[in-house]
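Numbering of the sequence shown is given in the numbering used here, commencing with residue 29 and proceeding in unit increments.
Glycine residues also receive a C-beta, built at the ideal position from the N, C-alpha and C atoms.
In this text the structure is predicted, and so the values were computed from the model without any measurement.
Notes follow the structure.
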Amino acid sequence: MKTEDSPSNKTKPFKAEDSLKDIVALSKRRGFVFPGSDIYGGLANTFDYGPYGVELLRNIKNEWWRTFVHSRDDIVGLDSSIMLHSAVWEASGHLKSFNDPLIDCKNCRARLRADQYLEEKHKISTIDFDLEQIKEIFRQKASEFSCPQCGNKNTFTEPRQFNLMFATKMGSLKDTEEMVYLRPETAQGIFINFRNIVDSSRVKVPFGIAQIGKSFRNEIIARQFVFRTREFEQLELEFFCVPGSQKEWFDYWLDFCSQWLYSLGISKENLRSRQHETKELSFYSDNTVDIEYNFPFGWGELWGIASRTDYDLKQHSKHSKKNLMYFDAARNESYLPYVIEPALGLNRLFLCILADSYRIEKPNTKEQRIYLKLDSRLAPIKAGIFPLQKKDGLLEIAQKIYKELAKNFTVDLDQNGSIGKRYYRQDELGTPFCFTVDYQSKTDNTLTVRYRDDLRQERINIDRVSDFLRDNLANG
29 MKTEDSPSNK TKPFKAEDSL KDIVALSKRR GFVFPGSDIY GGLANTFDYG
79 PYGVELLRNI KNEWWRTFVH SRDDIVGLDS SIMLHSAVWE ASGHLKSFND
129 PLIDCKNCRA RLRADQYLEE KHKISTIDFD LEQIKEIFRQ KASEFSCPQC
179 GNKNTFTEPR QFNLMFATKM GSLKDTEEMV YLRPETAQGI FINFRNIVDS
229 SRVKVPFGIA QIGKSFRNEI IARQFVFRTR EFEQLELEFF CVPGSQKEWF
279 DYWLDFCSQW LYSLGISKEN LRSRQHETKE LSFYSDNTVD IEYNFPFGWG
329 ELWGIASRTD YDLKQHSKHS KKNLMYFDAA RNESYLPYVI EPALGLNRLF
379 LCILADSYRI EKPNTKEQRI YLKLDSRLAP IKAGIFPLQK KDGLLEIAQK
429 IYKELAKNFT VDLDQNGSIG KRYYRQDELG TPFCFTVDYQ SKTDNTLTVR
479 YRDDLRQERI NIDRVSDFLR DNLANG
């Protein structure tokens, strides 16, 4: 097959220094993420995912579901309600303990988390502190503490507890309304359906229940683009195992999750595992490790793997008065399974993938090129289809190719602007291949395929385009 020469790629791709700002700009410019309620001035820390952001999210979820559910015989799926009975949150401990210490500046009304303020501004660790201890620090050092927004000293209110759950009322009449909460995590919907799934499915311990769904946390401070938001989506797995085997399964899932991230093309040097110290562990956990990513603003939690013991099933069994014991026929005994929980934030993985794939070639020159080096399985658009001109029958050929490919692939027919500008748009979307229909296409039934990463070009027969995509996309 004839190969056409393309511009040499002499400059090694690299991340921009101010890459979060660049990623935010790219996200809006190319329809990945828009500010929420934008035409009304925005609603703080809410985001809408545009046409290409939706496709990227969907592709991530599909890959996760394929790997963690469809490719295994020991995992089943669930889609539980966003609103659960308030007794669920009482049993889980969320009503009592799901709080953060809050302070307000009486001068500028800035709202801050007291523990983060102490740790970030004054290097005071608050891991072991309760609310009363945090209050005492603010009493003793009130004259020294200044608001980071207005700079005034001694203007903070006394720290107070702030519940992170969104509350709402259910019911049509005021005197019959019932208080309910938008779920702050998807895990509890899995635990309360444990018995239903055991009774209705052919699952046997060890087995897992996977769920993808929205969660809501009324964060005091939500920041860093889509990294920390009040509305977010989780890819969560609760894996039930025999008590005593939890360490073995914990190590298994930590490795399995890490390998999956590597398989998506995320740079290993930007990933690390951080073991929680004993004083950091949640009250229900006997071991937790965070897989962290080196985001543009620094290292942050991407995926938490926690050993939750039998806490959740025990609590729901106690509060509901229902027997959630599992009878193990092979062992001839009943027990409450222990649980390993790999919980991944979809929105954080979305940001991680954008940051890790963001490339600039030949910066600050006329030849500067920005592109997303996305794994082809995740790319929102698999191929761009360009007619060189709209006339002379070229558009009709391109439309025919588009209709054929659209049956099996997400493709984009782009007929506006110069070929160079069309390449530029698709590069910023992370599209791995572009097909150009030109005048030679009319004479020999071939077109030019252009590769995103190395700019290589070659001609292939139009009748082979579907097979070309199928073969190359299968290779990631």
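Kindly indicate the opening and closing residues of the beta strand (DSSP E) around Lys410.
Lys410 -> no beta strand (DSSP E), and no H or E assigned at all.
So is Gln287 buried or exposed if we call it buried at 16+ other beta carbons inside 10 Å?
exposed
Buried or exposed for Glu261, going by 16 or more other Cβ atoms inside 10 Å?
buried
Going by the CB atoms, is the gap between Ala142 and Ile162 shorter than 8 Å?
yes
Beta-bridge partners of Phe260, as assigned by DSSP
Ser243
Determine the DSSP secondary structure at Ser385, reduced to helix, strand or coil.
helix
Can you tell me whether Glu13 is buried or exposed, with buried defined as 16 or more other CB within 10 angstroms of its CB?
A question about residue 13 goes unanswered here, because the residues of the chain that appear run from 29 up to 504.
Considering only their Cβ atoms, is the gap separating Gly199 from Glu206 smaller than 8 Å?
yes
Beta-carbon proximity list for Thr476, same chain, < 6 Å, skipping 5 on both sides:
Thr464, Gln485, Arg487
If you draw a straight line from the alpha carbon of Ile333 to that of Thr306, how long is it in whole angstroms?
15 Å
Could you check what DSSP says for Val116 in three-state terms: helix, strand or coil?
helix
Pair within 8 Å by beta-carbon distance, Leu416 and Gln427:
no
For Val226, the nearest candidate out of Phe267, Gln454, Val493 (CA to CA):
Phe267
Report the rounded CA-to-CA distance for Arg256 versus Leu433, giving the unit in angstroms.
37 Å
Gly236, buried or exposed, once every other Cβ within 10 Å from all chains shown has been counted against 16:
buried
Going by the CB atoms, is the gap between Gln239 and Thr214 shorter than 8 Å?
yes
Could you have a look at Thr180 and say whether DSSP puts it in helix, strand or coil?
It should be noted that the sequence gives Asn, not Thr, for residue 180. Three-state result, Asn180: coil.
Output needed for Asn500: all residues of its chain with C-beta closer than 8 Å, excluding positions within five of it in sequence on either side, in chain order.
Ser404, Pro460, Phe461
With distance defined between alpha-carbon atoms, name the residue in Arg94, Arg139, Pro234 nearest to Asp128.
Arg139
If you drop the 5 nearest sequence neighbours on each side, which residues of the same chain put their C-beta closer than 7 Å to that of Asn489?
Asn473, Thr474
Output yes or no for whether 8 Å exceeds the beta carbon distance between Asn221 and Ser108.
yes
In the DSSP assignment, the alpha helix (DSSP H) including Thr438 goes from what residue to what residue?
Taken as a continuous stretch (DSSP letters only), Thr438 belongs to no alpha helix (DSSP H), as it is neither H nor E.
Please name the residue in Phe325, Leu374, Gly458 whose C-alpha comes closest to that of Asp481.
Gly458
Could you check whether the Cβ of Asp107 sits closer than 7 Å to any heavy atom belonging to the ligand NAD?
Among the components modelled here there is no ligand, and therefore nothing to report on the ligand NAD.
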